[in-house]
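A.B. asks:
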Amino acid sequence: MSNEFKRSAALSRISPSATIAITQKARDLRAAGRSDILSLSIGEPDFNTPEHVCEAARGAMAAGQTKYPPVSGVPALKEAIAAKFSRENGLRYSLSEVVVGSGAKQVIANAMLATLNPGDEVLIPTPYWVSYPQLTQLCGATPVFVETHAKDGFLLQPEALERAITPRTRWLFLNSPSNPSGAVIDAASLAAIGDVLLRHPHVWVLSDDIYEHLTYGDTPYVTLAQVRPELRERVLTVNGVSKAYAMTGWRIGYAGGPAPLIKAIELVQSQLTGGACSIAQWAAAAALSGPQEFVAMCRESFRARCDRVVDALERVPGMTCAKPDGAFYVFPSCASFIGRKAPSGNVIHSDEDFVRELLDHTGVAVVHGSAFGSAGHFRVSYAASTDVLADACKRIHLFCEAVR
Ligand SMILES: Cc1ncc(COP(=O)(O)O)c(C=O)c1O
Numbered sequence: 078m079s080n081e082f083k084r085s086a087a088l089s090r091i092s093p094s095a096t097i098a099i100t101q102k103a104r105d106l107r108a109a110g111r112s113d114i115l116s117l118s119i120g121e122p123d124f125n126t127p128e129h130v131c132e133a134a135r136g137a138m139a140a141g142q143t144k145y146p147p148v149s150g151v152p153a154l155k156e157a158i159a160a161k162f163s164r165e166n167g168l169r170y171s172l173s174e175v176v177v178g179s180g181a182k183q184v185i186a187n188a189m190l191a192t193l194n195p196g197d198e199v200l201i202p203t204p205y206w207v208s209y210p211q212l213t214q215l216c217g218a219t220p221v222f223v224e225t226h227a228k229d230g231f232l233l234q235p236e237a238l239e240r241a242i243t244p245r246t247r248w249l250f251l252n253s254p255s256n257p258s259g260a261v262i263d264a265a266s267l268a269a270i271g272d273v274l275l276r277h278p279h280v281w282v283l284s285d286d287i288y289e290h291l292t293y294g295d296t297p298y299v300t301l302a303q304v305r306p307e308l309r310e311r312v313l314t315v316n317g318v319s320k321a322y323a324m325t326g327w328r329i330g331y332a333g334g335p336a337p338l339i340k341a342i343e344l345v346q347s348q349l350t351g352g353a354c355s356i357a358q359w360a361a362a363a364a365l366s367g368p369q370e371f372v373a374m375c376r377e378s379f380r381a382r383c384d385r386v387v388d389a390l391e392r393v394p395g396m397t398c399a400k401p402d403g404a405f406y407v408f409p410s411c412a413s414f415i416g417r418k419a420p421s422g423n424v425i426h427s428d429e430d431f432v433r434e435l436l437d438h439t440g441v442a443v444v445h446g447s448a449f450g451s452a453g454h455f456r457v458s459y460a461a462s463t464d465v466l467a468d469a470c471k472r473i474h475l476f477c478e479a480v481r
């Protein structure tokens, strides 16, 4: 018998995240002596976790909250989540309709593992967060991409959604504000999407609201189950503390949804990991229930950075960069540089070539749009200092001017 490593069928259906790969390449280049690397490829706030949240974690340890927690979450956190949904989203969930996981990512993965079968289809609007199609494929189901376009502000069009639905459709992913486009779905657009879904009762919706607090427009944030309460029994509203409270490393995400689905998610989680880190859960409870000034401060800081980056990139000849309404990404078009020659002399055949040449020539790491299902664009994370952003935008400008 050979002792050769063999991948499972499930593993062979998934691939590593392009965002992690580029961030790692930037780290490797830095380690190899390139001191000029500026990484705008990572999706995490550059703030420290608020002090009162860290204090709650220390308090939890001191109080002996260090044993296996309940699989679906400690009651204090679940109560804080139910109160958050009620206060901020007008959604009433009982504790049996709330589940806590190790990050929103685990909650989403559990939901897919709990519900998908081979042959099922999952509707994923493009551009998408890289994990949606990968998790779908891990479960043996088929991602079906529904294109959105820059001219529509990257908003899902109800007609396109209607056309994509088949008897095999199981889920639709919604993500507002969007990673990577920053697009925010307004109430009227969400209602129109809801109307399509009302005609197709077999389609469930996973509303990924992880960037909820990072919106820059004048209208209040809304989520699907709030706008179309008739859909409540088939909407999973996913959120977490990673982006809103600068807690990416604490790994706490959560969801509200119908009790049978929440129970199914809990069953998957009980066999995979059990309850999320008890100490992090107490910290997350403090984040959700405590003072919220931090969230507003982050929003204002990101809003100012967004304005500056859009302004700088809009000045680059040949580049178009729409101003997004949320998250901490911009998603400019690099289509006009494709087919032309980079300063290295290499022809830029694709957005992937564009970002590779940009990194090699200028040291600025960004992520190509095709990694998110939208070729001809690239994603810039502006969760970096204003000095780094100004320097990076200048380098991008000089690089684009040097493309012939
Ligand atoms: C759209 C989206 N959903 C979910 C997540 C995962 O968040 P968490 O840190 O809670 O797992 C991310 C993280 O980058 C994201 O961009």
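My numbering applies: residue 78 is where the sequence shown begins, and numbers increase by one.
Where a beta carbon is used, it is the ideal one built from N, C-alpha and C, also for glycine.
#1: Using the C-alpha atoms, what's the distance from A140 back to I262?
#2: Give me the Cα-Cα distance between G453 and F431, rounded to the nearest whole angstrom.
#3: With DSSP collapsed to three states, give me the class of A89.
#4: CB-CB under 6 Å to F162, same chain, minus the five flanking residues each way: which ones, in chain order?
#5: Please report how far the alpha carbon of L390 lies from the alpha carbon of A227, in whole angstroms.
#6: Report the rounded CA-to-CA distance for D105 versus P368, giving the unit in angstroms.
#7: Could you please give the first and the last residue of the uninterrupted alpha helix (DSSP H) stretch that includes N166?
#8: Given that a residue counts as buried once 16 or more other Cβ atoms are within 10 Å of its Cβ, and exposed if not, what is M189?
#9: In terms of residue numbering, what span does the alpha helix (DSSP H) encompassing I201 cover?
#10: Could you check whether the Cβ of K102 sits closer than 6 Å to any heavy atom belonging to ligand 1?
#11: For A160, does the count of other Cβ atoms within 10 angstroms reach 16, so buried, or fall short, so exposed?
#12: Is V280 buried or exposed, if buried means 16 or more other CB atoms sit within 10 Å of its CB?
#13: Grab the span of the alpha helix (DSSP H) containing T439 for me, first residue to last.
#14: Quick one: residues with CB closer than 6 Å to any heavy atom of ligand 1, in chain order, please.
#15: Hey, R380 and Y293: beta-carbon distance below 7 Å or not?
#16: Helix or strand or just coil, what does DSSP make of H129?
#17: As a quick exercise: from M396, A419, D402, S355, pick the residue whose alpha carbon is nearest that of A153.
#18: When DSSP builds the beta bridges, which residues end up paired with D285?
#19: By Cβ distance below 7 Å, which residues in the same chain neighbour R245 in space, the five residues on each side in sequence not counted?
#20: Can you say whether Q183 is buried or exposed, counting buried as having 16 or more other CB atoms within 10 angstroms of its CB?
#21: Please classify S171: does DSSP put it in a helix, a strand, or coil?
#22: Bridge partners for E224 per DSSP, in chain order?
#23: Would you list the one or two residues that DSSP bridges to T213?
#24: CA-CA distance, M324 and R481?
#25: Use the C-beta contact count for P278: other C-beta atoms within 10 angstroms, 16 or more gives buried, fewer gives exposed.
#26: Along the chain, where does the beta strand (DSSP E) that runs through S458 open and close?
#27: For K320, count the other beta carbons within 10 Å of its own beta carbon; 16 or more makes it buried, fewer makes it exposed. Which is it?
#28: How big is the Cα-Cα spacing for F449 and A412?
#29: Return the chain-ordered ranges of every beta strand (DSSP E) run that is complete within the segment 295-366 and spans a minimum of 3 residues.
#30: Tell me T219's beta-bridge partners as DSSP assigns them.
#31: Please report the distance separating the alpha-carbon of S258 from that of F455.
#32: Whose C-beta lies closer than 7 Å to the C-beta of I91 among residues of the same chain, with five residues either side of it excluded?
#33: Check each candidate in L200, P235, L232 and name the one with the smallest Cα separation from V221.
C.D. replies: Put simply:
#1: 43 Å
#2: 9 Å
#3: Before going on, a small fix: residue 89 reads as Ser here, not Ala. S89 falls in the helix class under three-state DSSP.
#4: L168, Y170, G333
#5: 16 Å
#6: 39 Å
#7: 152-166
#8: buried
#9: That residue, I201, is in no alpha helix (DSSP H); its beta strand (DSSP E) goes 198-203.
#10: no
#11: exposed
#12: buried
#13: 428-439
#14: G120, G180, A181, K182, W206, N252, N256, D285, I287, G317, S319, T325, G330
#15: yes
#16: helix
#17: S355
#18: N252, V315
#19: G196, D197, E198
#20: buried
#21: coil
#22: T203
#23: According to DSSP, T213 bridges with nothing at all.
#24: 43 Å
#25: exposed
#26: 455-458
#27: buried
#28: 15 Å
#29: 312-317, 330-333
#30: E198
#31: 9 Å
#32: Q211, Q214, L215
#33: L200
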